[in-house]
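K.L.:
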Amino acid sequence: MKKLMAYMLTPVLAFGVLSACGPKDTSGGSNNQGKAEGKPDKLVVWEDTDKSVGLEPAAKSFEKKYGIKIQFKEMPMLDQQDKLRLDGPTHKGADVITTPHDRVGPLATEGLIAPLNVSDDITSQYTDSSISALTFKGKLYGLPKSTETPVFIYNKKYMKQAPATFDDVYTFSKGGKGGAPYGFLANWTDFYFAHGILSGFGGYVFKDNNGTLDTKNLGLTNNGSLEGADYISKWYKEGLFPKGIIGKKAGQTIDGLFNEKKVASVMNGPWSFQGYKDAGIDIGVAPMPKLPNGEYVKTFIGVKGWNVSAYSEHKKWAQKFVEWITNEENAKIRYEKTQEIPPIKALMKDPIIADNEAAKAVALQSERGVPMPNVPEMAEVWVPAGNALQLAATGKQDSKKALEDASKTIEQNIKAKHTDK
Amino acid sequence: MEALAYQSNHRKTAALLSIIPGIGQLYNKQRIKGAIFLILAASYFIVFGNLLNMGLWGFFTLGTELPRDHSIILLVQGVIAFIVIGFGIVFYVFNIYDAFQNGKKRDQGFAVTSIKEQYQNVIDKGFPYLLAGPGFFILIFVVVFPILFMVFLSFTNYDLYHSPPARLVDWVGIQNFTEMFTMDIWRNTFVSVFAWTIIWTFTATTLQVAAGIFLAVIINQKDLKFKGIIRTLLILPWAVPAFVSILVFSGMFNDSFGAINNDILAAFGIDPIPWLTDPQWTKVAIIFIQTWLGFPFIMAMTTGVLQSIPEELYEAATVDGATVWDKFKSITLPMILAATAPIIITQYTFNFNNFNVIYLFNEGGPAVAGQSAGGTDILISWIYNLTMTSAQYSKAAAVTVLLSVVIVTVALINFKRTKAFKEEGM
Numbered sequence: 001m002k003k004l005m006a007y008m009l010t011p012v013l014a015f016g017v018l019s020a021c022g023p024k025d026t027s028g029g030s031n032n033q034g035k036a037e038g039k040p041d042k043l044v045v046w047e048d049t050d051k052s053v054g055l056e057p058a059a060k061s062f063e064k065k066y067g068i069k070i071q072f073k074e075m076p077m078l079d080q081q082d083k084l085r086l087d088g089p090t091h092k093g094a095d096v097i098t099t100p101h102d103r104v105g106p107l108a109t110e111g112l113i114a115p116l117n118v119s120d121d122i123t124s125q126y127t128d129s130s131i132s133a134l135t136f137k138g139k140l141y142g143l144p145k146s147t148e149t150p151v152f153i154y155n156k157k158y159m160k161q162a163p164a165t166f167d168d169v170y171t172f173s174k175g176g177k178g179g180a181p182y183g184f185l186a187n188w189t190d191f192y193f194a195h196g197i198l199s200g201f202g203g204y205v206f207k208d209n210n211g212t213l214d215t216k217n218l219g220l221t222n223n224g225s226l227e228g229a230d231y232i233s234k235w236y237k238e239g240l241f242p243k244g245i246i247g248k249k250a251g252q253t254i255d256g257l258f259n260e261k262k263v264a265s266v267m268n269g270p271w272s273f274q275g276y277k278d279a280g281i282d283i284g285v286a287p288m289p290k291l292p293n294g295e296y297v298k299t300f301i302g303v304k305g306w307n308v309s310a311y312s313e314h315k316k317w318a319q320k321f322v323e324w325i326t327n328e329e330n331a332k333i334r335y336e337k338t339q340e341i342p343p344i345k346a347l348m349k350d351p352i353i354a355d356n357e358a359a360k361a362v363a364l365q366s367e368r369g370v371p372m373p374n375v376p377e378m379a380e381v382w383v384p385a386g387n388a389l390q391l392a393a394t395g396k397q398d399s400k401k402a403l404e405d406a407s408k409t410i411e412q413n414i415k416a417k418h419t420d421k
Numbered sequence: 001m002e003a004l005a006y007q008s009n010h011r012k013t014a015a016l017l018s019i020i021p022g023i024g025q026l027y028n029k030q031r032i033k034g035a036i037f038l039i040l041a042a043s044y045f046i047v048f049g050n051l052l053n054m055g056l057w058g059f060f061t062l063g064t065e066l067p068r069d070h071s072i073i074l075l076v077q078g079v080i081a082f083i084v085i086g087f088g089i090v091f092y093v094f095n096i097y098d099a100f101q102n103g104k105k106r107d108q109g110f111a112v113t114s115i116k117e118q119y120q121n122v123i124d125k126g127f128p129y130l131l132a133g134p135g136f137f138i139l140i141f142v143v144v145f146p147i148l149f150m151v152f153l154s155f156t157n158y159d160l161y162h163s164p165p166a167r168l169v170d171w172v173g174i175q176n177f178t179e180m181f182t183m184d185i186w187r188n189t190f191v192s193v194f195a196w197t198i199i200w201t202f203t204a205t206t207l208q209v210a211a212g213i214f215l216a217v218i219i220n221q222k223d224l225k226f227k228g229i230i231r232t233l234l235i236l237p238w239a240v241p242a243f244v245s246i247l248v249f250s251g252m253f254n255d256s257f258g259a260i261n262n263d264i265l266a267a268f269g270i271d272p273i274p275w276l277t278d279p280q281w282t283k284v285a286i287i288f289i290q291t292w293l294g295f296p297f298i299m300a301m302t303t304g305v306l307q308s309i310p311e312e313l314y315e316a317a318t319v320d321g322a323t324v325w326d327k328f329k330s331i332t333l334p335m336i337l338a339a340t341a342p343i344i345i346t347q348y349t350f351n352f353n354n355f356n357v358i359y360l361f362n363e364g365g366p367a368v369a370g371q372s373a374g375g376t377d378i379l380i381s382w383i384y385n386l387t388m389t390s391a392q393y394s395k396a397a398a399v400t401v402l403l404s405v406v407i408v409t410v411a412l413i414n415f416k417r418t419k420a421f422k423e424e425g426m
């Protein structure tokens, strides 16, 4: 039997020898970097669902001008990354994808999207915040397609016009509420919405050192953040916000209440406009009111951008296409078709935005907000920070202790999961 | 010795010659078989040679050069290469064994079987294997392959910062497992999540099983009227898709707007209970919901078992003067448990990994101070968060391995002790 064993092992050993070989072409980088790129026949573009109506005219004019066919496909934005991860290596992926800017850091770290080399006179068309949102570690990874940020939405039945300050909102909620059961509701145990308040009082997430975020310098425990958290808890503790809008289901609950005409005003983003209108509510939209300390609410800005896949074999042309669809003319067409606001300075002043109440409110609020941090470390902030606000709102911990604990958890998590060894 | 009876030494020669598959068979004068084996072996190397070469190289190195090598694709190829080698070894061993056996026949003076007889033999004796073969083959790729991939992944450092195409992935040994117990942030969360997972599994499952058996026995009473209607009503929770029920419950349990606090509890004059904001109450609510969702299945199954308990047993018990409780304890319950134990065990393992209820009800919340997982997060929903929010693929794989170890151990011990699996030969 020993002999048999030996016979059986022979082929295994033979494989072992073979395995020392590996791939034969060690000719270094199969990418055609540095070489002159030929003009491709077509570029594949992935666009968000239901949004390609805004892309079609620009794609047609691009085809006409350069003779490159544009093949576009609709796919939910977050699915695009997963798809690119799988399709990229086999060269079946897109050349151009679209992502929310807070994914830029993780995607660039993973190497799925390529940095762009765009001249200053192109980048200067866009608002500074939208360009910095798409910049990671000093490199620009995309051009902005649209911008969004939470604004103040009110039911005109209960509120004639938007209040100028939060003190007014507070008195309104304490008082008659214009006849509605609730005067104002906001999902302030979700850090996305709460950040505007914290940072309006002087708090921050990561210290911004001239455009690069210092992830070791957390600002959640500074005086501004504490003041903001206290202000948030005040709304819950005085019963102006019911307990039922605490936690992860709060957003849906608030939407439901607003649609049932039980709330006079809410804080929510442009994505909610259509739903509210469909529910038959005559909504008014305004920038967020001023905080009691006289500062604006510094809401998180989200920028959706066009990015070039790192797997693309025609990066130069892909970038050219990105520049083409985000230029003023095409951005205007896209805005008319999709109602998503492009962060282009000239268009912000254009009557099509300036005369539209909702668009104007979003554009104005965008100027006052700060871009969501796009560093991968941000993933560790959402849950602990939201939890801290929850614990403070329910009175289980005072806001100082809650934020200090959260800050510690975030630091530990960043150390555990984001050390670039 | 028996070997003395042999008149020649064909068996050893044949086995030795079979180092090259087919030659031994040719030596045994089984020409067609030998040729088939030879061709099979040759084509194996021609077809899979490149895959084996790349796969094994890729598996051991996980790539050496960017952007040519994609570690994860190489790992996948490596796992496939191992499976292909497995098939090769099985074929190879069979080939030597076959040559040896036929050589032995010649040594003993028997004629070797002809190709026709061989065919008959396969059809007669190997029929079940022939039928199960294709299914088994597919099973290896859809079940074994992903498990192997996941296990290997837990020994790498695959996360956001070691992720192709920007970086290569490396083997790191058991680092993921040791960190789970040595780093504070991982240990604290792991221990508390694990503890709740165990409590959740036992309470929720035991309650749903108990409720199911209890109701089945009740509606099986002979003198009960409207059995059909009652049974239909009780089966309803099973008929509605679970995720719909859970979402509806999530709304009903809302602290300020839910029907439970506002209508039901208020009617009895009970103060609102913080169902979604207090971890203890959320746990109670989730266990209640799982009981509600899970009992109809157990009830339906138990009803079936109850029909098959012979009436004589109860009659005999009545003659002996047994009370209703005695009958239940000594006849009904043992009969039910003996017949349904394997399914009840699978209910436990199902709840151990019951992602739906946890995630849909409150997404693992509410918040608990000092840990990153929520108050009702069980291992599987925590793994989901690890993968989806922080791209900690290798860590998530490591937790999954630990979780599987628990499940497999529990399942094995229980299955071994269960009568229903022992009496296979009956």
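Residue numbers (the UniProt record's numbering), protein chains in the order written: chain A, 1 to 421; chain B, 1 to 426. We treat Cβ as the ideally placed atom computed from N, Cα and C, and that holds for glycine. Just so we're clear, the structure is a prediction, and the values are computed from it rather than from any experiment.
Would you list the residues sitting across from Tyr154 of chain A in a DSSP beta bridge?
P.N.:
Beta-bridge pairing links Tyr154 of chain A to A:Ser265 and A:Gly284.
K.L.:
Can you round the beta-carbon distance between Val308 of chain A and Asp95 of chain A to whole angstroms, since I take them to be within the 8 Å contact cut?
P.N.:
The pair is a contact, with the Cβ atoms about 7 Å apart (cut-off 8 Å).
K.L.:
Can you check whether the C-beta of Ser114 of chain B is within less than 7 Å of a C-beta belonging to chain A?
P.N.:
Ser114 of chain B does not count as touching chain A.
K.L.:
Would you list, in chain order, the members of the stretch 178-207 of chain B that have their beta-carbon closer than 9 Å to a beta-carbon of chain A?
P.N.:
Correct list: Glu179, Met183, Asp184, Ile185 and Trp186.
K.L.:
Per DSSP, Gly302 of chain A forms a beta bridge with which residues?
P.N.:
Paired residue(s): A:Glu148.
K.L.:
Helix, strand or coil: which one does DSSP assign to Gly365 of chain B?
P.N.:
Gly365 of chain B falls in the coil class under three-state DSSP.
K.L.:
Please confirm whether Phe257 of chain B has its beta-carbon closer than 7 Å to some beta-carbon of chain A.
P.N.:
For Phe257 of chain B, the answer is yes, since a Cβ of chain A falls inside 7 Å of its Cβ.
K.L.:
According to the Cβ coordinates, are Asn157 of chain B and Val172 of chain B closer than 7 Å?
P.N.:
Yes, the pair counts as a contact, with Cβ atoms nearer than the cut-off.
K.L.:
Going along chain B, which residues have a C-beta under 7 Å from Ile246 of chain A?
P.N.:
Per Cβ cutoff of 7 Å: Thr277.
K.L.:
Output, in chain order, the set of chain A residues within a Cβ distance shorter than 7 Å of His70 of chain B.
P.N.:
Under the 7 Å cutoff, chain A gives Pro89.
K.L.:
Kindly provide the ranges of any alpha helix (DSSP H) runs that are 4 or more residues long and lie completely inside the stretch 74-135 of chain B, ordered along the chain.
P.N.:
Segments of the alpha helix (DSSP H) lying fully in the stretch 74-135 of chain B: 115-125.
K.L.:
Who pairs with Pro100 of chain A in a beta bridge, going by DSSP?
P.N.:
Partner(s): A:Lys304.
K.L.:
Comparing the C-beta of Gln392 of chain B with each C-beta of chain E, is any distance below 7 Å?
P.N.:
As a matter of chain content, chain E is missing from the structure shown, whose protein chains are A and B.
K.L.:
Does the structure place the stretch 87-101 of chain B close enough to the stretch 19-26 of chain B that three or more beta carbon pairs sit under 8 Å?
P.N.:
The stretch 19-26 of chain B, when compared against the stretch 87-101 of chain B, does touch it at the 8 Å Cβ threshold.
K.L.:
In whole angstroms, what is the alpha-carbon distance linking Ala363 of chain A and Ile70 of chain A?
P.N.:
Rounded to the nearest angstrom, the two C-alpha atoms are 30 Å apart.
K.L.:
Can residue 422 of chain A and Gly219 of chain A be called in contact, C-beta distance under 7 Å?
P.N.:
Any question about residue 422 of chain A goes unanswered here, given that chain A covers just 1 to 421.
K.L.:
So Glu110 of chain A contacts chain B; which residues on that side make the cut at Cβ distance below 7 Å?
P.N.:
Result: Leu160, Ser163 and Ala166.
K.L.:
Assuming Ala411 of chain B and Thr349 of chain B make a contact with CB atoms under 8 Å, what is their CB distance in whole Å?
P.N.:
Right, the Cβ-Cβ distance comes to about 6 Å (below 8 Å), so this counts as a contact.
K.L.:
If we call anything under 7 Å between Cβ atoms a contact, is Asp69 of chain B one with Gly63 of chain B?
P.N.:
Contact flag set, yes.
K.L.:
Is there at least one Cβ from chain B nearer than 7 Å to Ile414 of chain A's Cβ?
P.N.:
Not one chain B Cβ lies under 7 Å of Ile414 of chain A.
K.L.:
Kindly list the residues whose CB is nearer than 7 Å to the CB of Glu47 of chain A, restricted to its own chain and excluding five residues on each side of it in sequence; keep chain order.
P.N.:
Closer than 7 Å at Cβ, skipping near neighbours: Leu55, Phe72, Glu74 and Thr98.
K.L.:
DSSP on Ser124 of chain A, reduced to helix/strand/coil?
P.N.:
Of the three classes helix, strand and coil, the one that applies to Ser124 of chain A here is coil, per DSSP.
K.L.:
Thinking just about the alpha-carbon of each residue, which of A:Lys51, A:Gly176, A:Gly202 and A:Asp50 is nearest to the one in Tyr296 of chain A?
P.N.:
Nearest of A:Lys51, A:Gly176, A:Gly202 and A:Asp50 to Tyr296 of chain A, Cα basis: A:Gly202.
K.L.:
Hey, is Thr156 of chain B's beta-carbon within less than 7 Å of any beta-carbon in chain A?
P.N.:
Not an interface residue.
K.L.:
I'd like the list of long-range same chain contacts for Asn268 of chain A, defined as Cβ closer than 7 Å, with 5 residues on each side in sequence excluded.
P.N.:
Hits under 7 Å: Pro150 and Ile153.
K.L.:
For the candidate residues B:Leu75, B:Pro67 and B:Leu66, whose alpha-carbon lies nearest to that of Leu60 of chain B?
P.N.:
In the sequence under discussion, the amino acid at residue 60 of chain B is Phe, which differs from the Leu named in the question. Residue B:Leu75 is the option with its Cα nearest to Phe60 of chain B.
K.L.:
Step through the CB atoms of chain A and report whether any lies within less than 7 Å of the CB of Ala367 of chain B.
P.N.:
Cβ-Cβ to chain A under 7 Å: yes for Ala367 of chain B.
K.L.:
If you drop the 5 nearest sequence neighbours on each side, which residues of the same chain put their C-beta closer than 6 Å to that of residue 429 of chain B?
P.N.:
This structure cannot settle anything about residue 429 of chain B, because the visible part of chain B is limited to 1 through 426.
K.L.:
What residues are listed by DSSP as bridge partners for Ser130 of chain A?
P.N.:
The partner list for Ser130 of chain A (beta bridge, DSSP) is empty, contrary to what the question assumes.
K.L.:
Please go through the same chain and pick out, in chain order, the residues whose beta-carbon is closer than 6 Å to the beta-carbon of Gln319 of chain A, but skip the five residues on each side of it.
P.N.:
The residues are Leu116 and Val308.
K.L.:
If you check the beta carbons only, do Ser71 of chain B and Val169 of chain B fall under 7 Å apart?
P.N.:
A contact, by the Cβ cut-off of 7 Å.
K.L.:
Identify, in the order they occur along the chain, each residue of the same chain with its Cβ nearer than 7 Å to the Cβ of Val112 of chain B, setting aside the five sequence neighbours on each side.
P.N.:
Excluding residues within five positions, the ones whose Cβ falls inside 7 Å are Asn28, Lys29, Gln30, Asn102, Lys105 and Arg106.
K.L.:
Could you give the DSSP three-state label for Phe268 of chain B: helix, strand or coil?
P.N.:
Phe268 of chain B falls in the coil class under three-state DSSP.
K.L.:
Verify the CB distance criterion: does Leu17 of chain B have a CB-CB separation below 7 Å to chain A?
P.N.:
No - not a single Cβ of chain A is within 7 Å of the one on Leu17 of chain B.
K.L.:
Tell me whether the stretch 163-180 of chain A and the stretch 348-356 of chain A touch, counting them as touching only if at least three CB pairs, one residue from each stretch, are closer than 8 Å.
P.N.:
Output reads no: the stretch 348-356 of chain A does not touch the stretch 163-180 of chain A.
K.L.:
Let's test the definition: count the other Cβ atoms within 10 Å of the Cβ of Pro334 of chain B and tell me whether it reaches 16, buried, or not, exposed.
P.N.:
Exposed, because fewer than 16 other Cβ atoms sit within 10 Å of the Cβ of Pro334 of chain B.
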